[in-house]
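**Student:** Provided herewith is a single structure, encoded as structure tokens, for subsequent inquiry.
Residue numbers (the working numbering): 23 to 348.
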């Protein structure tokens with residue numbers, strides 16, 4: 023083992039775990055928005071697991087040969103877990119966005135408003151007509167017409183993300199099994215599918231952000247949160263697919279050693295941004311939401327997401343009035 027690269031990976035690993043634990047505790051001791059903050063705590067746990075995963079993958083390049091049965095079984099378990107974690111993470115972020123604007127009904131309304139605005143852009147007037155006028159009747163008709171496309175677009179975004187949830191673990195299994203088969207065409211196909219479904223899911227998140235952005239306050243820092251989530255997805259999934267496509271000797275020890283070291287550095291970078299973008303001050307107090315538990319990860323798949331009443335952003339002085347049971 024090369025001493026300097028091993029020492030570097032140890033330092034990066036410890037720093038990443040510390041950043042994840044800091045975010046974990048800052049929310050666990052300071053809960054005033056249970057749905058969003060429980061999701062954030064899960065994210066912090068995922069960042070910690072990601073740091074652990076990259077560190078052990080780096081160590082595995084020295085302990086076993088990439089083509090050995092032990093390494094393949096280890097990678098299969100690792101990649102399946104990774105696929106499931108990534109799927110839950112992206113669905114959780116979509117859930118967090120919808121909760122922030124007040125639930126599914128409110129989100130669909132915002133989608134519909136976007137369609138209504140585009141549909142009426144060429145017929146805007148500079149005066150306010152009486153409610154009985156044809157103009158106001160036309161406005162009501164426009165709202166009814168926009169409601170259906172708004173609902174359909176919302177469901178399309180949600181379904182694309184759910185497709186990612188179902189397909190991503192399967193792709194992971196096939197890519198790992200293919201290490202036994204060593205079929206270049208299958209590896210190319212699965213890497214391409216991995217890239218396409220990741221891009222489609224990210225595009226669905228971007229469309230959702232664009233539609234509900236008018237209801238988001240600057241304090242929420244939605245772009246920072248999106249950057250962190252997308253960045254971790256790129257490191258965990260997209261980047262590995264690109265690496266498999268571009269590097270011929272992708273199972274070679276020197277290449278793997280450099281690759282996992284770079285992944286650990288990127289993980290630390292996103293852990294540090296995560297502590298800022300997801301800090302408690304970026305969330306506002308939410309009341310009236312049904313209880314959630316830390317281990318109930320599939321609660322983010324609930325549909326419809328119930329309405330929740332929000333209020334001002336909590337200050338550090340008054341945000342410790344609620345406690346979460348983990």
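Beta carbons: idealized from backbone N, C-alpha and C, even for Gly. All values reported here derive from a predicted model rather than from experimental measurement.
Got a sec? Which residues, its chain only, sit under 6 Å from residue 200 by beta carbon, not counting five neighbours each side?
**Tutor:** Excluding residues within five positions, the ones whose Cβ falls inside 6 Å are 208 and 209.
**Student:** Measure the CB-CB distance between residue 104 and residue 254 and report whether it falls below 8 Å.
**Tutor:** Result no, Cβ atoms of residue 104 and residue 254 do not sit closer than 8 Å.
**Student:** DSSP on residue 419, reduced to helix/strand/coil?
**Tutor:** Nothing about residue 419 can be reported from this structure: the residues present for the chain run from 23 to 348 only.
**Student:** May I ask you to report which of helix, strand or coil DSSP gives residue 269?
**Tutor:** Residue state, collapsed to three classes: coil.
**Student:** Do residue 191 and residue 299 count as a contact pair if the criterion is CB distance below 8 Å?
**Tutor:** Going by C-beta atoms, residue 299 is not nearer than 8 Å to residue 191.
**Student:** State the Cα-Cα distance for the pair residue 283 and residue 123, rounded to the nearest angstrom.
**Tutor:** Using only the alpha carbons, I get a separation of about 39 Å.
**Student:** Restricting to Cα atoms, I'd like to know which of 293, 323, 306 and 330 is closest to residue 35.
**Tutor:** Selected option, being the one with the closest Cα: 293.
**Student:** Assuming residue 179 and residue 226 are in contact, meaning their beta carbons sit under 8 Å apart, how far apart are those beta carbons, in whole angstroms?
**Tutor:** Confirmed, Cβ separation roughly 4 Å.
**Student:** State the DSSP-derived secondary structure class of residue 122, mapped to helix, strand or coil.
**Tutor:** Residue 122: helix per DSSP, three-state reduction.
**Student:** I'd like to check one pair, residue 113 with residue 303: are the Cβ atoms closer than 8 Å?
**Tutor:** No, they are not a contact pair.
**Student:** According to DSSP, simplified to helix, strand and coil, what is residue 315?
**Tutor:** Of the three classes helix, strand and coil, the one that applies to residue 315 here is coil, per DSSP.
**Student:** Does the Cβ of residue 132 have 16 or more other Cβ atoms within 10 Å, making it buried, or fewer, making it exposed?
**Tutor:** It is buried - the Cβ of residue 132 has at least 16 other Cβ atoms within 10 Å.
**Student:** Which runs of the alpha helix (DSSP H) at least 4 residues long sit entirely within the segment 233-259? Give them in chain order.
**Tutor:** Whole alpha helix (DSSP H) segments, 4+ residues: 244-255.
**Student:** Tell me whether the beta-carbon of residue 37 lies closer than 8 Å to the beta-carbon of residue 267.
**Tutor:** Taking 8 Å as the Cβ cut-off, residue 37 and residue 267 do not qualify as a contacting pair.
**Student:** Anyone know if the C-beta pair for residue 295 and residue 249 falls short of 8 Å?
**Tutor:** Yes; because the gap between Cβ atoms is below 8 Å, this pair is in contact.
**Student:** Would you kindly check if the distance between the Cβ of residue 61 and the Cβ of residue 116 is under 8 Å?
**Tutor:** Not in contact: residue 116 and residue 61 (Cβ atoms no closer than 8 Å).
**Student:** Relative to the alpha-carbon of residue 186, which residue among 29, 244, 170 and 215 has its alpha-carbon at the smallest distance?
**Tutor:** The residue with the shortest Cα to Cα distance from residue 186 is 215.
**Student:** Would you mind sorting residue 184 into buried or exposed? The rule is 16 or more other CB atoms within 10 Å of its CB.
**Tutor:** Residue 184 is buried by the Cβ-count criterion.
**Student:** Where does the unbroken alpha helix (DSSP H) through residue 279 begin, and where does it stop?
**Tutor:** Residue 279 -> alpha helix (DSSP H) spans 275-299.
**Student:** Among 46, 28, 30 and 121, which has the Cα closest to the Cα of residue 321?
**Tutor:** That would be 121, whose Cα lies nearest to the Cα of residue 321.
**Student:** Specify the secondary structure class of residue 231 as computed by DSSP and reduced to three states.
**Tutor:** Reduced to three states, the DSSP call for residue 231 is helix.
**Student:** Starting from the C-beta of residue 80, find all residues in its chain whose C-beta is less than 6 Å away, skip the five residues before and the five after it, and write them out in chain order.
**Tutor:** Same-chain partners within the cutoff: 31 and 282.
**Student:** Could you pull out every residue in the same chain whose Cβ sits closer than 7 Å to the Cβ of residue 176, ignoring the five residues on either side in sequence?
**Tutor:** 129, 130 and 133, listed in sequence order.
**Student:** Do you know how far the Cα of residue 311 is from the Cα of residue 55?
**Tutor:** About 9 Å.
**Student:** Alpha carbons only, please: which of 252, 327, 286 and 261 is nearest the one belonging to residue 29?
**Tutor:** Closest by alpha carbon: 286.
**Student:** Using only the alpha-carbon positions, how far apart do residue 328 and residue 309 sit?
**Tutor:** Each residue's Cα considered, the two are about 11 Å apart.
**Student:** Quick one: what's got a C-beta closer than 8 Å to residue 67's C-beta in the same chain, skipping five residues either side?
**Tutor:** 42 and 46.
**Student:** Where does residue 204 fall in DSSP's three states?
**Tutor:** Coil.
**Student:** Does the separation of the CB atoms of residue 119 and residue 234 fall below 8 Å?
**Tutor:** Yes, they are a contact pair.
**Student:** Only counting the same chain, and skipping five residues up and downstream in sequence, which positions put a Cβ closer than 6 Å to that of residue 251?
**Tutor:** Same-chain partners within the cutoff: 115.
**Student:** Cβ of residue 244 within 8 Å of Cβ of residue 288?
**Tutor:** Taking 8 Å as the Cβ cut-off, residue 244 and residue 288 do not qualify as a contacting pair.
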